[in-house]
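Counting with our numbering, you get residues 956 to 1344 for the letters of the sequence shown.
Taking it in order: structure first as structure tokens, then the write-up.
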Amino acid sequence: MHFDEDGMRDWLVATRRDFHMYPEISNQEIRTSERIKEILSQLDVEVQDLHGLTGLVGLIRGEGNGKTIALRADIDALPIHELNDVPYKSRHDGIMHACGHDVHTTIMLGVAKHLKESGLHRELKGNVKFLFQPGEEVGSGAKDMIAQGVLENPKVDRILACHMSPDLPVGTAGVYQTMSHASADRFSLVINGKGAHGGRPNEGIDPIVAGSYFVTATQSVIGRNIKPTDAAVITVGKFIAGKAANVIPKQADLEGTIRALSNDVRDQLIQRMGEIIQGIQQTFNVRCDLQFHGRVPICVNDEDTSSFLYDVAVHVLGANNVGYLPPVTGSEDFAFFAIERPSAIIRLGCANKEKGLIHLLHSPQFDVDEEVLVIGVRLFTEAIRRSLT
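This is the structure we're talking about:
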């Protein structure tokens, strides 16, 4: 397969940096979607808009009646203020591509560009569908796209995706045999007590004390109720109560997330949290409202599709640079696609210690070695070639 790496590299870097400079948070990816559409239209790739959603679908129709392979790229950014001092630093204060979605998007656009400009699209016996997905960071985008029928007309047979991995050096990759990401449930807790003067706490009912007990007690669930061999997480990431140092507030608001790598463990976490709330209400005489929102299921990769991606990665990177990875407690709404069709996600190494590119995902200093762009295009182009020619 002829691949003009030098010519493609400059385009990929410029395109990725453009996306990086103008990040947009979940379900507000208006400029991003317009830019993707512009590029696809220039390549004469068929574009399908989504109704009431950002994001879009690109379609390259092959000459035959073969399978349809979908390539998914998430396009949203995070509400994080970028600290990198680079020319392509985010121009939007408080918003940053800190999870590599600018890279994912550029890679899949690069695949479309190579297929069209090399003429390989004329050799395809099936179709390539590009799923540019909004709202991954809030866990809604994949489900919303599926509801709009993006896996039909033509019917998708297999879905492939990638994710950046700053714990792997650039030029390496990891594949999950089956399970890759934990389930994720966001929860909110409102605790109502009784306001009082800080010097007379006996006259009030303190929701801060009750909320603090909830934070501590939920950690005992992980340490004492869940098997040590089972992965589980309960994290309270938001705790808001009061406005003055000498006033006991009436209300405390907490938000957090639970993660699990089995549905039984997830159910156990939810049950124990409910039992803890009952005890807190009786012990502290408060009223509590615990709600769970926006579940993302466990992401389970199709074993045959994972093996296929593994073989492709070995071909592109060499056997010594590819391995299988254990599941992680991060979540990924690619799980919704994986429920519908045989699917697999590959992690592409993007770290380079010599260049200082070592910061983790969701860090305000996250960045990638941009050679991963070329690697990603080569890998997914080879996957399409093997699948459809």
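Just so it is clear, CB atoms sit at the ideal spot from N, CA and C, and this is done for glycine as well.
Give the single residue among the options whose Cα lies nearest to the Cα of residue i.
i, options, result
"Val1271", "Thr1127, Arg1221, Val1111 and Glu1107", "Thr1127"
"Gly962", "Thr1184, Glu1072 and Lys1084", "Glu1072"
"Gln1132", "Trp966, Pro1297 and Val1323", "Pro1297"
"Arg990", "Asp1057, Glu1337, Asn1218 and Arg1179", "Asp1057"
"Gln1233", "Val1255, Gly1159 and Ala1172", "Ala1172"
"Ala1151", "Leu998, Asp1161, Phe1289 and Leu1144", "Asp1161"
"Gly1129", "Glu1230, Gly1211 and Asn1256", "Asn1256"
"Asp1140", "Glu1210, Lys1044 and Ile1294", "Glu1210"
"Asp1185", "Leu1224, Tyr1265, Ile1195 and Arg1077", "Leu1224"
"Asn1157", "Ala969, Ala1067, Asn1240 and Gly1007", "Asn1240"
"Ala1207", "Leu1144, Val1066, Pro1183 and Arg1155", "Leu1144"
"Arg986", "Glu1018, Tyr1168 and Asp1031", "Asp1031"
"Asn1180", "Ala1165, Ser1286, Ile1231 and Phe974", "Ile1231"
"Ala1338", "Asp965, Asn1082 and Gly1019", "Asn1082"
"Gln997", "His1059, Gly1013, Gln983 and Gly1007", "Gly1013"
"His1059", "Gly1166, Leu1038 and Leu1115", "Leu1115"
"Thr1284", "Ala1274, Phe1247, Phe1263 and Cys1254", "Cys1254"
"Lys1149", "Asp1219, Ser1167, Ile1203 and Asp1048", "Ile1203"
"Leu1216", "Val1093, Asp1266, Pro1282 and Thr1344", "Pro1282"
"Gly1153", "Phe1194, Leu1245, Ala1200 and Ile980", "Ala1200"
"Thr1023", "Leu967, Asn1108 and Ala1067", "Asn1108"
"Arg1340", "Leu1264, Gly1159 and Arg1221", "Leu1264"
"Phe1247", "Arg1113, Gly1197, Gly1229 and Phe1142", "Phe1142"
"Phe1169", "Thr1260, Thr1238 and Lys1044", "Thr1238"
"Leu1280", "Glu993, Ser1262 and Ile1235", "Ser1262"
"Ala969", "Asp1004, Lys1044 and Thr1260", "Lys1044"
"Ile1177", "Arg1155, Ile1294 and Arg1221", "Arg1221"
"Leu1315", "Gly1065, Glu984, His1118 and Asp1266", "His1118"
Answer yes or no: do residue i and residue j have a C-beta to C-beta separation smaller than 8 Å?
i, j, result
"Val1105", "Leu1086", "yes"
"Arg1227", "Ser1138", "no"
"Val1269", "Ile1062", "no"
"Ser1175", "Ile1300", "no"
"Ala1306", "Leu1075", "no"
"Val1329", "Leu1312", "no"
"Ala1097", "Gln1088", "yes"
"Ile1163", "Cys1243", "no"
"Met1051", "His1036", "yes"
"Val1191", "Arg1214", "no"
"Arg1302", "Ser1120", "yes"
"Val1125", "Glu1287", "no"
"Lys1084", "Val1041", "no"
"Leu1026", "Phe1289", "no"
"Phe1321", "Ala1028", "no"
"Gly1010", "Ser988", "yes"
"Val1002", "Ile1015", "no"
"Gly1017", "Leu1343", "yes"
"Gly1166", "Phe1194", "yes"
"Ser1245", "Asp1099", "The sequence shown places Leu at residue 1245, not Ser. Not in contact: Leu1245 and Asp1099 (Cβ atoms no closer than 8 Å)."
"Ala1067", "Leu967", "no"
"Met976", "Arg1077", "no"
"Pro1034", "Gly1049", "yes"
"Leu1038", "Pro1319", "yes"
"Thr1260", "Arg1113", "yes"
What are the boundary residues of the beta strand (DSSP E) that residue i is part of?
i, result
"Phe1085", "Asn1082 to Gln1088"
"Ala1053", "Neither: Ala1053 is in no beta strand (DSSP E) and is coded neither H nor E."
"Thr1260", "Not the beta strand (DSSP E): Thr1260 falls in the alpha helix (DSSP H), residues Glu1258 to Leu1272."
"Phe1292", "Careful: Phe1292 lies outside any beta strand (DSSP E), inside the alpha helix (DSSP H) at Phe1289 to Glu1295."
"Lys1193", "Ala1187 to Ala1196"
"Gly1331", "Per DSSP, Gly1331 belongs to no beta strand (DSSP E); it is in the alpha helix (DSSP H), Glu1326 to Leu1343."
"Val1323", "Where Val1323 is concerned, there is no enclosing beta strand (DSSP E), given that its DSSP letter is neither H nor E."
Since residue i sits in a beta bridge, which residues does DSSP pair it with?
i, result
"Pro1124", "Ala1306"
"Leu1144", "Leu1209 and Leu1245"
"Ser1138", "Ala1215"
"Asp1004", "Leu1011"
"His1152", "Val1202"
"Ile980", "Ala1032"
"Arg1027", "Leu1086 and Ala1116"
"Ser1298", "Ile1114"
"Gly1278", "Gly1129"
"Leu1349", "Only positions 956 to 1344 of the chain appear in this structure, which leaves residue 1349 out of reach."
"Val1283", "His1136"
"Val1251", "Ala1139"
Output the boundary residues of the alpha helix (DSSP H) element that contains residue i.
i, result
"Met1100", "Gly1096 to Ala1102"
"Val1176", "Pro1162 to Arg1179"
"Ala995", "It should be pointed out that residue 995 corresponds to Leu in this sequence rather than to Ala. Start and end: Ile985 to Gln997."
Please confirm whether any heavy atom of the ligand ZN lies closer than 7 Å to the CB of residue i.
i, result
"Pro1089", "Looking for the ligand ZN in the displayed structure turns up nothing, as the structure carries no ligands at all."
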